[in-house]
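Here is the structure we will look at, set down as C-alpha cells.
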Amino acid sequence: MANCISCSAALPAPSNICEYCGRRNDVDLHGVHQYTVVKPQDERGCPRCGVGLHTINLKHDGKFFIERCDQCMGLFFDAGELEALLEQSVSNVFEINRQQLRAINKELYQRDSASELAEPLAFYVTCPVCSDFMQRKNFGARSGVIIDRCHKHGMWLDGGELKRLMEWKKAGGQLLHEKMAQEEGAVKERRQRHGSMAVRAGTVADTRKNGRISGALDDGLLSSVLKLVEKLF
Numbered sequence: 194m195a196n197c198i199s200c201s202a203a204l205p206a207p208s209n210i211c212e213y214c215g216r217r218n219d220v221d222l223h224g225v226h227q228y229t230v231v232k233p234q235d236e237r238g239c240p241r242c243g244v245g246l247h248t249i250n251l252k253h254d255g256k257f258f259i260e261r262c263d264q265c266m267g268l269f270f271d272a273g274e275l276e277a278l279l280e281q282s283v284s285n286v287f288e289i290n291r292q293q294l295r296a297i298n299k300e301l302y303q304r305d306s307a308s309e310l311a312e313p314l315a316f317y318v319t320c321p322v323c324s325d326f327m328q329r330k331n332f333g334a335r336s337g338v339i340i341d342r343c344h345k346h347g348m349w350l351d352g353g354e355l356k357r358l359m360e361w362k363k364a365g366g367q368l369l370h371e372k373m374a375q376e377e378g379a380v381k382e383r384r385q386r387h388g389s390m391a392v393r394a395g396t397v398a399d400t401r402k403n404g405r406i407s408g409a410l411d412d413g414l415l416s417s418v419l420k421l422v423e424k425l426f
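In terms of my numbering, the sequence shown opens at residue 194 and continues consecutively.
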C-alpha cells in the first residue's frame with residue numbers, strides 16, 4: 194500500500210488522491226521509473242481533464258514512449274505497451290501468493306463499493322486518439338483494476354492503477370490468470386470433443402436405423418412382385 198508523500202496517510206486503492214489532505218500522488222512513476230519528457234508527435238488530450246498529454250520516455254530498452262497527464266497523472270499506452278511494461282518491470286514471478294491477491298482484491302472491492310455509492314454511474318471516457326468512447330474492462334480478467342480500452346489505439350489507466358497492476362502481477366495474479374485460462378480452455382475442449390462424439394454416435398445410429406427400414410421396404414416390395422407374377426401365370 195502506498196502512502197501520501199505529504200501527510201503519510203495510506204492511499205486508498207486504486208486512487209492516488211489522499212483522502213486526508215487531498216494531495217494527488219505520483220505513485221505510478223515516482224521512485225519506480227526514471228523518465229524524461231519529450232516533444233509529442235501529435236496532440237493527444239487527457240480523457241479525464243481535457244488538457245494536452247505529455248509524451249514521456251521511460252527508457253526501457255532504449256526508448257519506451259507513453260502519454261501522461263500532469264494534472265490527474267493518468268497514463269495512455271498504445272496497443273501492446275502496457276503488457277510490455279509489466280513484463281519488463283515485474284519479472285521472475287514463479288509463485289501465486291493467494292493471500293496477497295485476496296488482500297489486493299478486497300481493498301479494491303471496498304474502494305469500488307464506496308465509489309458506487311457516491312457515483313452510481315460508470316464514467317466512460319473517450320480515446321485520446323480517435324475520441325470514440327472506450328470500453329471498461331477488468332485487466333487480465335481478474336486483476337480488479339478496471340481499465341479503459343480502445344480496441345484500435347490502446348489503454349487508459351487512471352493515476353494509481355499502474356502501481357496496482359504491478360502489485361497484482363508481483364503477487365502472481367498473471368500466473369493465476371494464465372492457469373485458470375488454461376483450465377477453462379481444457380474444459381471447453383473436452384466439452385467440444387464429447388459433443389462431437391455424441392453427434393457421430395447419433396449419425397451412426399440413424400444410419401443403422403435407416404438401413405433396417407430400407408431393408409424392410411425392399412423385402413415387402415419383392416413379396417408384392419412375386420404375388421403379382423403368380424396371379425398372372
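For glycine and all other residues, C-beta sits at the position ideal for the given N, C-alpha and C.
(request) Name the two residues that bound the continuous alpha helix (DSSP H) containing Met359. (result) Counted from its first residue, the sequence shown places residue 359 at position 166. Per DSSP, Met359 belongs to the alpha helix (DSSP H) from Glu354 to Lys363.
(message) Alpha carbons only, please: which of Asn298, Lys363, His346 and Ala203 is nearest the one belonging to Ser282?
(response) The residue labelled residue 282 in the question sits at position 89 within the sequence shown. Comparing alpha carbon positions, the residue from Asn298, Lys363, His346 and Ala203 closest to Ser282 is Lys363.
(message) Judging by CA-CA distance, which residue of Ile339, Cys343 and Val338 is the nearest neighbour of Asp325?
(response) Counted from its first residue, the sequence shown places residue 325 at position 132. Its Cα nearest to that of Asp325, the residue Cys343 stands out among Ile339, Cys343 and Val338.
(message) I'd like to know if the stretch 344-364 and the stretch 287-298 are in contact, where contact means that at least 3 CB-CB pairs between them fall below 8 Å.
(response) By the Cβ test, the stretch 344-364 is in contact with the stretch 287-298, since at least three Cβ pairs between them sit closer than 8 Å.
(request) Whole angstroms is fine: what's the gap from Gly267's alpha carbon to Ile339's? (result) Counting from 1 along the sequence shown, the entry for residue 267 is found at position 74. Counting from 1 along the sequence shown, the entry for residue 339 is found at position 146. Ile339 has its alpha-carbon roughly 13 Å from the corresponding atom of Gly267.
(message) Using a Cβ-Cβ cutoff of less than 8 Å, which residues in the same chain neighbour Leu368 once the five nearest sequence positions on both sides are dropped?
(response) Within the sequence shown, the letter at position 175 stands for residue 368. For Leu368, the CB contacts under 8 Å within the same chain, skipping 5 residues up- and downstream, are Val286, Phe287, Glu288 and Ile289 in chain order.
(request) Taking Ala277 as the reference, give the member of Phe258, Ile249, Glu382 and Glu354 with the closest Cα. (result) Within the sequence shown, the letter at position 84 stands for residue 277. Closest option to Ala277, Cα to Cα, is Phe258.
(message) Which residues does DSSP list as the beta-bridge partners of Ile289?
(response) As a first step, residue 289 must be located in the sequence shown, where it is residue number 96. The beta-bridge partner set that DSSP reports for Ile289 is empty.
(message) Between the alpha carbons of Gly238 and Asn298, how many angstroms are there, rounded?
(response) Residue mapping note: residue 238 aligns to position 45 of the sequence shown, counting from 1. Residue mapping note: residue 298 aligns to position 105 of the sequence shown, counting from 1. Cα to Cα, Gly238 sits roughly 31 Å from Asn298.
(request) Report all residues from its chain with a CB closer than 8 Å to the CB of Thr319; omit the five preceding and five following residues, and keep chain order. (result) Here residue 319 refers to the residue found at position 126 when the sequence shown is read from its first residue. Taken in chain order, the residues that qualify are Pro240, Asp325, Phe326 and Met327.
(message) Using the three-state DSSP reduction, which class does Val231 fall into: helix, strand or coil?
(response) Here residue 231 refers to the residue found at position 38 when the sequence shown is read from its first residue. Three-state DSSP puts Val231 in a strand.
(message) Only counting the same chain, and skipping five residues up and downstream in sequence, which positions put a Cβ closer than 8 Å to that of Cys200?
(response) Locating residue 200 in the sequence shown gives position 7, counting from the first residue. Only Cys211, Tyr213, Cys214 and Arg216 meet the Cβ criterion.
(request) Give the straight-line distance between the Cα atoms of Arg393 and Val380, rounded to the nearest whole angstrom. (result) Locating residue 393 in the sequence shown gives position 200, counting from the first residue. Locating residue 380 in the sequence shown gives position 187, counting from the first residue. One C-alpha to the other measures close to 20 Å.
(message) Are the CB atoms of Asp271 and Gly333 within a distance shorter than 8 Å?
(response) For the purposes of this step, residue 333 is identified with residue 140 of the sequence shown, where counting begins at 1. For the purposes of this step, residue 271 is identified with residue 78 of the sequence shown, where counting begins at 1. Taking C-beta atoms as the reference points, Gly333 and Asp271 fail to come closer than 8 Å.
(message) Comparing C-alpha positions only, which one of Cys323, Gly378, Gly243 and Arg357 sits nearest to Pro205?
(response) As a first step, residue 205 must be located in the sequence shown, where it is residue number 12. Comparing C-alpha distances from Pro205 to each of Cys323, Gly378, Gly243 and Arg357 shows the shortest one belongs to Arg357.
(message) So the candidates are Val322, Lys345 and Trp349; which of them puts its Cα closest to the Cα of Arg329?
(response) Here residue 329 is taken as the residue at index 136 of the sequence shown, counted from 1. Measuring from the Cα of Arg329, the nearest candidate turns out to be Trp349.
(request) Work out the CA separation of Glu371 and Glu300 for me, nearest whole Å. (result) As a working mapping, residue 300 is identified with position 107 in the sequence shown. As a working mapping, residue 371 is identified with position 178 in the sequence shown. Rounded to the nearest angstrom, the gap between the Cα atoms of Glu300 and Glu371 is 23 Å.
(request) Measure from the alpha carbon of Trp284 to the alpha carbon of each residue in Met359, Met390, Arg383 and Ser389, then state which is nearest. (result) Within the sequence shown, the letter at position 91 stands for residue 284. Correcting the residue type first, residue 284 is Ser in the shown sequence and not Trp. Per the Cα distances, Met359.
(request) With DSSP collapsed to three states, give me the class of Glu309. (result) Taking the sequence shown and counting its residues from 1, the one referred to as residue 309 is at position 116. Below a pLDDT of 50, predicted positions are generally treated as unreliable, and Glu309, at 48, falls in that range; the measurement from the model is reported next regardless. It is helical.
(request) Identify which residue in Gly353, Pro321 and Glu377 has its Cα closest to the Cα of Cys242. (result) The residue labelled residue 242 in the question sits at position 49 within the sequence shown. It is Pro321.
(request) Can you grab the Cα-Cα spacing for the pair Ser341 / Met373, in whole Å? (result) Locating residue 341 in the sequence shown gives position 148, counting from the first residue. Locating residue 373 in the sequence shown gives position 180, counting from the first residue. Sequence inspection shows Asp at residue 341; the Ser mentioned does not correspond to that position. Distance between the alpha carbons of Asp341 and Met373 is about 23 Å.
(message) In the DSSP assignment, the beta strand (DSSP E) including Gln328 goes from what residue to what residue?
(response) By 1-based counting over the sequence shown, the position of residue 328 is 135. For Gln328, the uninterrupted beta strand (DSSP E) run begins and ends at Gln328 to Asn331, by DSSP.
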